[in-house]
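Colleague: Got a structure for you, written out below as structure tokens; questions coming shortly.
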Amino acid sequence: MKRWIAGLCGVGLLCALPVLAAGPLGTVRPAPRFEVRNVEGKPVSLDSLLQKGPVLLDFWATWCKPCVTSLPVMERHWREHQAAGLTVVGVSVDGPRNFAKVRPFARGLGLTFPIVLDEDGSLARRYDVTGMPTSILIAPDRRIAYVQVGYTAGQEEALSRAILALLPAPAVMDSAR
Amino acid sequence: MSPSVSAMQLRRVLAGVALAGCFAMPVEAQISGGNLLIGQAGNVIGAQRKDRSDLYERLDLQWSSDALTLGGRFEYDRSDDDRADFGRAAAYQRLTQRWAEWDRDGLGVRVGNFYTILGRGLLHRSWELPGVVYDEVGTQTRYAAARDLSGARLHAEHGPVSAQLFRGRVNDGTSSPALEAFGFERYRGVLDGAELRTRLPRGASVGTAWSRYTYGDAPERQYASGFAEVDPLEVAGLKGWSAPFAFEYAAERPSLLDWWQWRRGAERAHAMYASGGLLWQRYTFVAEYKDYDGFRLGLNDPPSLVREHAAPLLNRDTHLLDAEGEEGFQLEASGPLHPWVTFTTNFSRSDGAPGVRWLRFEERYGELHVAPPNSDAWECTVFADRGFNTFDFVIDRHSLGLEGSARLPQKFAVSFDLERKRVATQGFFGSPEWFQDEFVSASVSRAGWGRAGVSVTRTTDPRDLPSDDFGLPTADRALFAGFSLGGDVGQSHQVSLFAGRRRGGRACTSGTCYDVPSLAGAELRVTSRF
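In order, the protein sequences belong to chains A and B.
If you read the first sequence in numbering that gives the first Met the number 0, its first letter stands for residue 0, the second for the next number, and so on.
If you read the second sequence in numbering that gives the first Met the number 0, its first letter stands for residue 0, the second for the next number, and so on.
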């Protein structure tokens, strides 16, 4: 019983940590830099993407059911806000078992945003990904603005609000129309 | 390593990270991390231990400033059961990973624990399965699902050319940190590796890799490979069509200069993997081929060429690759039949001879996905699967399933999953012995609130039937029923609770398969990031 109490105290401490840390830990966390190639061999660099506007990283896998449901939603975000500067990057965490299927899978779903292979899992670890799908919205100043782990229908509204908050005002008005 | 020493190490690392963070905050330094806590109470079905509780805790912390990052992982597991003598001895708390990394302008070096891949994984791939925790059967402890190296890795990229060089002791990911208290080495042997690859115009690339494994007085094992990726249609400038092609060939004991000498005989270990695809609009076709001989290295991850299914009953019945001797292929096609309907078909086959006779895995899978165009109001998928797997003594297996989801007003949504599977195994006297699995699950969720679900599995699988002290079944079927609750607590925490009976068996995540013990009880999981 003591161990459980100690465990629960630990959980309580962790819950309080972001609150106690206020700014530095909760809101100013910079996104780790990366420079990778997409499945078509083209370079994808966080720094260069952020020059256009916010970046939405979506970690997914071909074997993950909620990912299959959420990917068309990501495509919608991409199509709606691409002109305003948003870039969506799909990060496949599939292993070698499924490398060959990633590109056809994305094509089959009609995805048009860039897809990268996280072959050695380094991107997922840098971003502390613990479940699939995980969507991470990065503001142009490289701070992590929003994180969504898992997906249930309707969650896209909160993500959409977070995206709109990072887009320039005229773009928001265009998106609203 | 005693628990007190580990606790001291943890305090040192935490203090170091905090101190470094304090000094470095003005130059955009950052402490970040994640925490996973899993508490279990109940019985591990089939095990001797009853009324057992287990607490697993994993804390990842990293401090980063500009190009430098320092990180560490602390793991803790303690269980309370009837055989406290062994259970408590097997408990552990220790730093299981620590590392420092410097990365700038295409040049990086990492010292400590690291992960990497050579080529497509024929020679080496180290990995971690996000959110997955293994159960060590012997010590009844839990630990992070990871295969990693401990040493140093250097990587560099300049223009189209990239290279990496590493040396590290190998943790193959199959043993709990608790075993170290019994003198067991988790990091065994030394792996050296190198890779050089260059990008070519129009998305093509070629490369070569080399690895050498040494362990004590055992003979040194040395391998090399060459690999290439190209899309001939893109090279030809054909718009609208794609034909991605990938190839890797690896063999034992060549030098870096003679890896390409093609040998497929029995004279030396080799592995060949090739894939080709044809994509047009939303229609896709992929073909893959494998030929592995003597390549069960324990450090590599060659593609298995068996479909990884999301459906629970299919996922648990996958074929485990044995790269010591397997040849096979996989074909998959998908595309729209109608604006509402998309199809996927898959055919895979693997042949091997791990013993004295040839064995075969074969599977045919078909799926129809139905959803209204340009709407996510509802969707459903129906699948059928037929196959056999004589590696596992399964001579016939057919499965059917229907799953779907729908949005409701007020941000509510519902989902369901119905699956049924019939399996025939080779009986002792040659006649088939059939068993059946039925799986039902349903859930309701509301965005922003959370999710509640129930799942029921009914099976006549002899491996799951309740049995007496002599191992004789006491019922002709087993029922596993449970409910789950889950939701977010703010932006930083996710909490989920399962209660009931959960069926164990094989599970696969991201291409890696592992065994999960059956549970009758409750499990609380808290995931945090900060």
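By construction, the Cβ of each residue, glycine as well, lies at the ideal position given by its N, Cα and C atoms.
So what does isoleucine 143 (chain A) bridge to, in DSSP terms?
Modeller: Beta-bridge pairing links isoleucine 143 (chain A) to A:Ile137.
Colleague: Starting from threonine 197 (chain B), follow its DSSP beta bridges and name the residues at the other end.
Modeller: Answer by DSSP bridge pairing, in chain order: B:Val160 and B:Val205.
Colleague: Are the beta-carbon atoms of proline 139 (chain A) and glycine 52 (chain A) separated by less than 8 Å?
Modeller: It is a contact, given that the beta carbons lie within the stated cut-off.
Colleague: Starting from the Cα of leucine 518 (chain B), find the closest Cα among B:Gly481, B:Cys507 and B:Asp487 and give me that residue.
Modeller: Ranking the options by Cα distance to leucine 518 (chain B), first place goes to B:Gly481.
Colleague: Can you give me the start and stop residues for the alpha helix (DSSP H) that proline 71 (chain A) sits inside?
Modeller: First-last of the alpha helix (DSSP H) with proline 71 (chain A): 64-80.
Colleague: Using a 10 Å radius around the Cβ and a threshold of 16 neighbouring Cβ atoms, would you call aspartate 475 (chain B) buried or exposed?
Modeller: With fewer than 16 other Cβ atoms within 10 Å, it is exposed.
Colleague: To which residues does DSSP link aspartate 147 (chain B) through a beta bridge?
Modeller: DSSP output for aspartate 147 (chain B) lists B:Asn170 as bridge partner(s).
Colleague: What does the Cβ neighbour count give for aspartate 65 (chain B), buried or exposed, with the cut at 16 atoms within 10 Å?
Modeller: Exposed: under 16 other Cβ atoms inside 10 Å.
Colleague: Could you tell me which uninterrupted beta strand (DSSP E) segments, each at least 3 residues in length, are contained entirely in the segment 294-365 of chain B, listed from first to last along the chain?
Modeller: Correct list: 324-337 and 340-351.
Colleague: Let's test the definition: count the other Cβ atoms within 10 Å of the Cβ of aspartate 119 (chain A) and tell me whether it reaches 16, buried, or not, exposed.
Modeller: Label assigned to aspartate 119 (chain A): buried.
Colleague: Please report how far the alpha carbon of methionine 24 (chain B) lies from the alpha carbon of valine 87 (chain A), in whole angstroms.
Modeller: Any reading at methionine 24 (chain B) needs caution, since the residue's pLDDT is 48, under 50, leaving its predicted position unreliable; the model's value is listed next. Looking at the two C-alpha atoms, the distance is approximately 30 Å.
Colleague: Are glutamate 437 (chain B) and lysine 100 (chain A) closer than 8 Å when you measure CB to CB?
Modeller: Not in contact: glutamate 437 (chain B) and lysine 100 (chain A) (Cβ atoms no closer than 8 Å).
Colleague: Could you give the DSSP three-state label for leucine 54 (chain B): helix, strand or coil?
Modeller: Strand at leucine 54 (chain B).
Colleague: Please list, in chain order, all residues of the same chain as leucine 108 (chain A) whose beta carbon is under 8 Å from its beta carbon, the five residues on each side excluded.
Modeller: Once the five neighbours on either side are set aside, the close Cβ partners of leucine 108 (chain A) are Val67, Leu70, Pro71 and Glu74.
Colleague: With a cut-off of 8 Å, do at least 3 Cβ pairs link the segment 93-112 of chain B to the segment 140-152 of chain B?
Modeller: With a cut-off of 8 Å, the segment 140-152 of chain B and the segment 93-112 of chain B count as touching, because enough Cβ pairs lie within range.
Colleague: With a threshold of 6 Å on Cβ separation, who are the neighbours of valine 131 (chain B) within its own chain once the five nearest residues in sequence on each side are excluded?
Modeller: Once the five neighbours on either side are set aside, the close Cβ partners of valine 131 (chain B) are Ala144 and Thr508.
Colleague: Using DSSP with H/G/I as helix, E/B as strand and the rest coil, what is proline 42 (chain A)?
Modeller: It is a strand residue.
Colleague: Which residue from A:Gln147, A:Ser47, A:Val54 and A:Met131 puts its Cα closest to that of valine 92 (chain A)?
Modeller: The shortest Cα separation from valine 92 (chain A) among A:Gln147, A:Ser47, A:Val54 and A:Met131 belongs to A:Met131.
Colleague: For the beta strand (DSSP E) containing serine 509 (chain B), name the first residue and the last one.
Modeller: Unbroken run through serine 509 (chain B): none, as it is neither H nor E.
Colleague: In chain order, what residues of the same chain have a beta carbon less than 7 Å from the beta carbon of tyrosine 214 (chain B), not counting five sequence neighbours either side?
Modeller: Answer for tyrosine 214 (chain B): Arg187 and Gly188, listed in chain order.
Colleague: Determine the direct distance from the alpha carbon of cysteine 379 (chain B) to that of valine 340 (chain B), and round the result to whole angstroms.
Modeller: Each residue's Cα considered, the two are about 10 Å apart.
Colleague: Does phenylalanine 391 (chain B) come out as helix, strand or coil in the three-state DSSP assignment?
Modeller: A small fix is needed here, since residue 391 (chain B) is aspartate in this sequence, not phenylalanine. Correct three-state label for aspartate 391 (chain B): helix.
Colleague: Rounded to the nearest angstrom, what separates histidine 337 (chain B) and arginine 281 (chain B) at their Cα positions?
Modeller: Rounded to the nearest angstrom, the two C-alpha atoms are 12 Å apart.
Colleague: In chain order, what residues of the same chain lie with their CB nearer than 7 Å to the CB of tryptophan 279 (chain B), ignoring the 5 residues before and after it?
Modeller: The answer, listed in chain order, is Gly239 and Trp240.
Colleague: List the whole-angstrom C-beta distance separating leucine 117 (chain B) from glutamate 194 (chain B), where the pair is believed to meet the contact cut-off of C-beta under 8 Å.
Modeller: That pair is a contact at about 5 Å.
Colleague: Take the Cβ of histidine 157 (chain B) as the centre, count every other Cβ of all protein chains shown within 10 Å, and call the residue buried at 16 or more, exposed below.
Modeller: When all chains shown are included, histidine 157 (chain B) counts as exposed.
Colleague: Would glycine 84 (chain A) pass as an interface residue toward chain B - the criterion being a Cβ-Cβ separation below 8 Å?
Modeller: Closer than 8 Å: no.
Colleague: Using a Cβ-Cβ distance under 8 Å, would aspartate 300 (chain B) count as near chain A?
Modeller: True, the Cβ-Cβ gap to chain A drops below 8 Å.
Colleague: Determine the DSSP secondary structure at serine 491 (chain B), reduced to helix, strand or coil.
Modeller: Here serine 491 (chain B) sits in coil by DSSP.
Colleague: Check the Cβ-Cβ distances between valine 88 (chain A) and every residue of chain B, and say whether any is below 8 Å.
Modeller: No, valine 88 (chain A) lies away from the interface with chain B (no Cβ there is under 8 Å from its Cβ).
Colleague: Going by beta carbon distance, what residues of the same chain come within less than 6 Å of valine 285 (chain B), once the five residues before and after it are set aside?
Modeller: Here the set comprises Gly276 and Glu331.
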